[in-house]
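Input: a single structure, listed below in structure tokens.
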Amino acid sequence: MSEHGERSGNERDWPLFEVFIRARTGLHHRHCGSLHAADPEMALARARDVYTRRGEGTSIWVVPSDRIHASDPADKDMLFEPAMSKIYRHPSFYDLPDDVENM
Amino acid sequence: MADALTAAYALRLGDDALILSHRLSEWVGHGPELEEDIALANTSLDLLGQARLLLACAGEREGKGRDEDALAYGRDVLDFSNLLLVEQPNGDFAQTMVRQFLFDAYAVELWPRLSASRDEALAGVAGKAAKEAAYHVEQSAAWVVRMGDGTEESHARAQSGLNLLWPYAGEIFEADEVEAALAEKGIAVAPSALREHWQARVEPVLEEAGLAPPEGAGVRKGGRQGRHSEHLGHLLAEFQFMQRAYPGAEW
Chain A
1 MSEHGERSGN
11 ERDWPLFEVF
21 IRARTGLHHR
31 HCGSLHAADP
41 EMALARARDV
51 YTRRGEGTSI
61 WVVPSDRIHA
71 SDPADKDMLF
81 EPAMSKIYRH
91 PSFYDLPDDV
101 ENM
Chain B
104 MADALTAAYA
114 LRLGDDALIL
124 SHRLSEWVGH
134 GPELEEDIAL
144 ANTSLDLLGQ
154 ARLLLACAGE
164 REGKGRDEDA
174 LAYGRDVLDF
184 SNLLLVEQPN
194 GDFAQTMVRQ
204 FLFDAYAVEL
214 WPRLSASRDE
224 ALAGVAGKAA
234 KEAAYHVEQS
244 AAWVVRMGDG
254 TEESHARAQS
264 GLNLLWPYAG
274 EIFEADEVEA
284 ALAEKGIAVA
294 PSALREHWQA
304 RVEPVLEEAG
314 LAPPEGAGVR
324 KGGRQGRHSE
334 HLGHLLAEFQ
344 FMQRAYPGAE
354 W
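So the sequence lines, in the order shown, correspond to chains A and B.
Under the working numbering, think of the first position of the first sequence as 1, with each following residue one higher.
Under the working numbering, think of the first position of the second sequence as 104, with each following residue one higher.
So this is what it looks like as structure tokens:
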């Protein structure tokens, strides 16, 4: 294992992992929370115990939280604002034949 | 149909699950990590589910009108037939995990074999329990290795748990006329037949963990016959308090 997911910072805490669960075959994995574990194997087991107790899952992914690169909330305007004014990117301007019920 | 032998056998297995379940439930709110706390509770609930089915089966075969609650809450120490191993106190987390591993390594060998029992009720419980035990033993084995092969302190705690609990493991493989007669009929699994499989699971894990069973440890037994250590009475005092104080109370 790389240095990621190893103990760092506060030595008393195990590293944090993000947990993704797939509820049913065919669906995608969805982020459902996070947990502390000593390594990926333990993280998988604990994810099973914490997040699939009511039959929520058919597959689990765990990812060391420090491997996730997130956008900066301060960049929100720069990143997302420009898309707001471009309604032509939505497929809303087509006339659908009546026989097409779901699109 | 009353069947005293099958009743006794189901009661033994049910008592093992019930008492170990209660021991693990004592960790709830005290686990070393939040996630581990929940994992211990999950295992406890798996065992409680097994216990309910087995005690219900025992009550039915006994034919005296006792249901699972009557058997769980209405018997005294001498009437419990669980292994001494499962009633031993939790101690620290290492001791709890060593106890769990010694038991899980047996359960994971017992249940798949018992799922072929000629007794349909027992076979049904065993089929369900086999999947649970397969997960339990993976987790407890992983903890034994982590702690045995961990820091100086975790190693010392795991070794001291093993020293304490090892003498109780031998009772798992003891059999009397109950198991012998039922194994003959294809209803029970002869405990003695599980010993080598148990060893094949336990030895590599202890070796990887750098732990060694204590030398020259005898076998402590008697639980199956109702001769328990001093710990079971204290456990039952807490476990049975509500039904003793308010018989038949429901909520």
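Every residue, glycine too, gets a C-beta built ideally from N, C-alpha and C.
I'd like the list of long-range same chain contacts for residue i, defined as Cβ closer than 6 Å, with 5 residues on each side in sequence excluded.
i      : result
E277/B : K324
L150/B : A120, L123 and S124
Whole angstroms are fine: how far does the CA of residue j sit from the CA of residue i?
i      : j      : result
Q153/B : E256/B : 35 Å
P82/A  : F93/A  : 20 Å
N145/B : D49/A  : 7 Å
R126/B : D75/A  : 52 Å
T199/B : P192/B : 8 Å
V63/A  : D207/B : 29 Å
L217/B : V292/B : 6 Å
L338/B : D179/B : 11 Å
N102/A : L96/A  : 10 Å
A333/B : G177/B : The residue you asked about is not Ala; residue 333/B is Glu in the sequence shown. The alpha-carbon atoms of E333/B and G177/B are separated by roughly 19 Å.
A45/A  : K234/B : 15 Å
R54/A  : Y349/B : 32 Å
L143/B : S128/B : 7 Å
Under a CB-based cut-off of 8 Å, is residue i close to chain B?
i     : result
D99/A : no
D95/A : no
M1/A  : Confidence at M1/A is low in this model, with a pLDDT of 40, below 50, so its placement is unreliable and the value that follows should be read with caution. No - not a single Cβ of chain B is within 8 Å of the one on M1/A.
W14/A : yes
What distance in whole Å lies between the Cβ atoms of residue j and residue i, which are believed to be in contact at a cut-off of 8 Å?
i      : j      : result
P15/A  : H36/A  : 7 Å
R260/B : A197/B : 4 Å
S80/B  : G351/B : Residue 80/B is absent from the structure shown; chain B starts at 104 and stops at 354.
Report all residues from its chain with a CB closer than 8 Å to the CB of residue i; omit the five preceding and five following residues, and keep chain order.
i      : result
L309/B : V247, G251, L265, A315 and P316
F17/A  : G5, S34, L35, H36, A37, P40, A43, A47, V62, V63, P64 and S65
D140/B : W130, V131, G132, H133 and G134
V240/B : F204, D207, A208, A210, V211 and R304
At the 8 Å Cβ level, is residue i part of the contact set with chain A, yes or no?
i      : result
Q153/B : no
A312/B : no
I122/B : no
N193/B : no
I290/B : no
A244/B : no
Could you pull out every residue in the same chain whose Cβ sits closer than 7 Å to the Cβ of residue i, ignoring the five residues on either side in sequence?
i      : result
A159/B : D170 and E171
L157/B : A113, L116, G117, A120 and V228
L297/B : Y209, E212, L213 and F276
**Q.** Residues of the stretch 51-84 of chain A whose Cβ lies closer than 9 Å to any Cβ of chain B, in chain order
**A.** R53
Q | Cβ-based contacts, 8 Å cut-off: residues of the stretch 32-47 of chain A near chain B | A | L35, H36, A37, A38, E41, M42, A45 and R46
Q) Which residues, taken in chain order from the stretch 125-138 of chain B, show a beta carbon closer than 8 Å to some beta carbon of chain A? A) E136, L137 and E138
Q) Just by C-beta distance, which residues in the stretch 198-209 of chain B are closer than 7 Å to chain A? A) none
Q: Name, going along the chain, the residues of the stretch 260-276 of chain B whose beta-carbon falls closer than 9 Å to a beta-carbon of chain A.
A: none
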